[in-house]
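Asks:
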DNA sequence: CTTGACTCTTACGTTACGTTATACTTTAGT
DNA sequence: ACTAAAGTATAACGTAACGTAAGAGTCAAG
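Protein chains in written order, with this note's numbering: chain A, 855 to 1095; chain B, 855 to 1095.
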């Protein structure tokens, strides 16, 4: 298929497809004689994936990073995307509530507090950030970013050990028993020393590992790709608990 | 309230508030001695409005234009926003369906067409554009943009007359009987000579008049503010039919 | 074989802020 | 009253994800 057709089917502009080619996000083969971009069905599926991520406000850079990761698994990605979309729908519903209350407020039927006026407006661009901040406590998140500043040395070492153990096996299947056992240690560690994570919010935390650079960078210090491995393992863990 | 507090309550950054001040979208009073921005409760409500529009992907320029219009009515705006949010939720639901089908497709349970892969992805940034395009037919929309090219001169004149009549009364209340009678002529004209509009899609068309520059500019040639007047009148008309 | 519709690359423009940098103000603690 | 910390101001450059326009080659229908 040529570019216009792809644009029409998918609803994005030709320029957008050019752009995605430029940044290496979606680079179709080029007809050797004309130089035209030729998109295959597989390219279309990739585009669909990209658009799903984009709809969830992932920056293109992150999308590229995630999708070109060696552990990338389309099915898992789709399941994550579904979760995130559901979150987004919740936010939308909150906004609708807020708007309805505001209408009542305007009509004088109901009196709204300032805080209520902004319920549903989560502009962190990351559906899990707020949640994670609440759980880790604001400092903790900021410190995790700066390499977990104020833990006791013993705790810090215990944590590092878990990371190192995970880093060693980061090439196996995140769904395998071995990976799941290892990630369970992480789950238990967090539950013991930080806050109680439900399996669901543990999944959410895992998603942040790939979404949020502050996490990705820190974790990947123990081995490149560890964040994405842990994220996948945590997602799987959440499904089974 | 000082800027940080507003930022915290509303969830936007301080920089964003600075920016909105810079472009004249939300300019609070400044403390005469310190030079600090002081936000009132009214400013907060304005901010809420801005954020609603922003959540609906209105560009800031448009938001400013709409909100500073002399006909601007907060209650009407809220009702429009509610409608648009509901539209957006529909889209989200479609996307969720698409994702679920894609998962089935990946698992091999179900075979998906290329078109199906992108259902729910409407990236026109304007929930009504697609709809309007379908109704007017693609050419018509593009021609409306270029001043309605290929109508018969008679029809063109009839249309212009309706515009002129509306322009003359554009300062009265869009909800008044007089305005509603005038807008009904427009409704009937469209239904006779173009496509059948349901009251709902007539509302949608009206929303485009303020959202989409191609419409705004053309319509406002008959008098500044006509587009916004018609939009409000059409919205009201839709509610009563 | 000629158009009109596509396509290519190049390159500058735009929107909505993020991110320093530097300097003044306010507030909380001693 | 004094000082550090936190908040605020302006200024200015940076960035992300395309839009838009220009100039030139390519393809498909009549």
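All residues carry an ideal CB built from backbone N, CA and C; glycine is no exception.
On a predicted model such as this, the values are computed, not experimentally measured, just so you know.
If you count every other CB in all the chains shown that lies within 10 Å of the CB of residue 1041 of chain A, and 16 or more means buried, which is it?
Replies: It counts as buried.
Asks: Classify residue 993 of chain B as buried or exposed, calling it buried when 16 or more other Cβ atoms lie within 10 Å of its own Cβ.
Replies: Per-residue confidence for residue 993 of chain B stands at a pLDDT of 42, beneath the threshold of 50, marking its modelled position as unreliable; no derived number is given.
Asks: Can you give the Cα-Cα distance for residue 1067 of chain B and residue 1058 of chain B, rounded to whole angstroms?
Replies: Going from the Cα of residue 1067 of chain B to the Cα of residue 1058 of chain B covers about 15 Å.
Asks: DSSP three-state call for residue 857 of chain A: helix, strand or coil?
Replies: Helix at residue 857 of chain A.
Asks: List the residues that DSSP assigns as beta-bridge partners of residue 892 of chain A.
Replies: Answer is A:883.
Asks: How would you write the range of the alpha helix (DSSP H) that residue 1058 of chain A sits in, first residue to last?
Replies: First-last of the alpha helix (DSSP H) with residue 1058 of chain A: 1053-1065.
Asks: Mind reading off the beta-carbon distance from residue 1083 of chain B to residue 1038 of chain B? Whole number of angstroms is fine, and I expect it under 8 Å.
Replies: In fact, because the Cβ distance is near 15 Å, the residues do not count as touching under 8 Å.
Asks: For residue 888 of chain B, is the classification buried or exposed, using 16 other Cβ atoms within 10 angstroms of its Cβ as the cut-off for buried?
Replies: Flag for residue 888 of chain B reads exposed.
Asks: Can a CB atom of chain B be found closer than 7 Å to the CB of residue 1002 of chain A?
Replies: Below a pLDDT of 50, predicted positions are generally treated as unreliable, and residue 1002 of chain A, at 44, falls in that range; the measurement from the model is reported next regardless. Not an interface residue.
Asks: Using 10 angstroms around the beta-carbon of residue 862 of chain A, count the other beta-carbons present and answer buried if the total reaches 16, otherwise exposed.
Replies: When all chains shown are included, residue 862 of chain A counts as exposed.
Asks: For residue 1036 of chain A, I'd like the list of residues in its chain whose CB is within less than 7 Å of its CB, leaving aside the five on either flank, ordered along the chain.
Replies: If we look at residue 1036 of chain A and ignore the five residues flanking it on each side, its Cβ neighbours are 1019, 1020, 1023.
Asks: Less than 7 Å between CB atoms is the rule here; does residue 859 of chain B satisfy it with respect to chain A?
Replies: Chain A contact via Cβ: absent.
Asks: DSSP state of residue 1088 of chain A, grouped into three classes?
Replies: Helix.
Asks: CA-CA distance, residue 885 of chain A and residue 859 of chain A?
Replies: Roughly 16 Å separates the two Cα atoms.
Asks: Quick check on the DSSP output: the alpha helix (DSSP H) that includes residue 948 of chain B runs from which residue to which?
Replies: Start and end: 928-960.
Asks: Closer than 8 Å, Cβ to Cβ, to anything on chain A: give me those residues from the segment 919-950 of chain B, in chain order.
Replies: So the close ones are 928, 929, 932, 933, 935, 936, 939, 940, 942, 943, 946, 947, 949, 950.
Asks: Quick one: any contact between the segment 899-909 of chain B and the segment 968-977 of chain A, if contact means 3 or more CB pairs under 8 Å?
Replies: Touching, per the Cβ criterion.
Asks: Is it buried or exposed, residue 937 of chain A, if we count other Cβ atoms within 10 angstroms and call 16 or more buried?
Replies: By the neighbour-count rule (16 or more Cβ atoms within 10 Å), residue 937 of chain A is buried.
Asks: Taking Cβ positions only, does residue 960 of chain A come closer than 7 Å to chain B?
Replies: By this cut-off, residue 960 of chain A is an interface position.
Asks: Is there a Cβ from chain B that is less than 7 Å from the Cβ of residue 863 of chain A?
Replies: By this cut-off, residue 863 of chain A is an interface position.
Asks: Whole angstroms is fine: what's the gap from residue 1072 of chain A's alpha carbon to residue 1080 of chain A's?
Replies: Their Cα atoms are separated by approximately 10 Å.
Asks: Under 8 Å between beta-carbons, which chain B residues line up against residue 1110 of chain A? List them in chain order, please.
Replies: The question about residue 1110 of chain A has no answer, for chain A in this structure spans 855 to 1095.
Asks: When you compare the segment 949-968 of chain B with the segment 925-935 of chain A, are there three or more beta-carbon pairs, one atom per stretch, that lie closer than 8 Å?
Replies: Touching, per the Cβ criterion.
Asks: If you measure from the beta carbon of residue 968 of chain B to each beta carbon in chain A, is any gap under 7 Å?
Replies: Yes - at least one Cβ of chain A is within 7 Å of the one on residue 968 of chain B.
Asks: Among the residues of its own chain, which have a CB less than 7 Å from the CB of residue 1016 of chain B, if the five just before and after it don't count?
Replies: Answer for residue 1016 of chain B: 1039, 1040, 1043, listed in chain order.
Asks: Would you say residue 917 of chain A lies against chain B (beta-carbon separation less than 7 Å)?
Replies: No, its Cβ sits nowhere closer than 7 Å to a Cβ of chain B.
Asks: Starting from residue 1028 of chain A, follow the alpha helix (DSSP H) in both directions and report where the run begins and ends.
Replies: From DSSP, residue 1028 of chain A is part of no alpha helix (DSSP H); its letter is neither H nor E.
Asks: Nearest chain A C-beta to residue 898 of chain B closer than 7 Å, yes or no?
Replies: By this cut-off, residue 898 of chain B is an interface position.
Asks: Rounded to whole angstroms, what's the CA-CA distance from residue 896 of chain A to residue 856 of chain A? Just pull it up for me.
Replies: The alpha-carbon atoms of residue 896 of chain A and residue 856 of chain A are separated by roughly 14 Å.
Asks: Mind pulling the chain B residues with CB within less than 8 Å of residue 1071 of chain A?
Replies: Near residue 1071 of chain A there are no residues of chain B at all, since even the closest Cβ is about 22 Å away, more than 8 Å.
Asks: Do we get a CB-CB distance below 7 Å when we pair residue 905 of chain B with the residues of chain A?
Replies: Output row for residue 905 of chain B: interface = yes.
Asks: Report, in whole angstroms, the separation of the C-beta atoms of residue 943 of chain B and residue 905 of chain A, which I expect to be a contact under 8 Å.
Replies: Going by Cβ atoms, the distance from residue 943 of chain B to residue 905 of chain A rounds to 18 Å, so no, they are not a contact pair.
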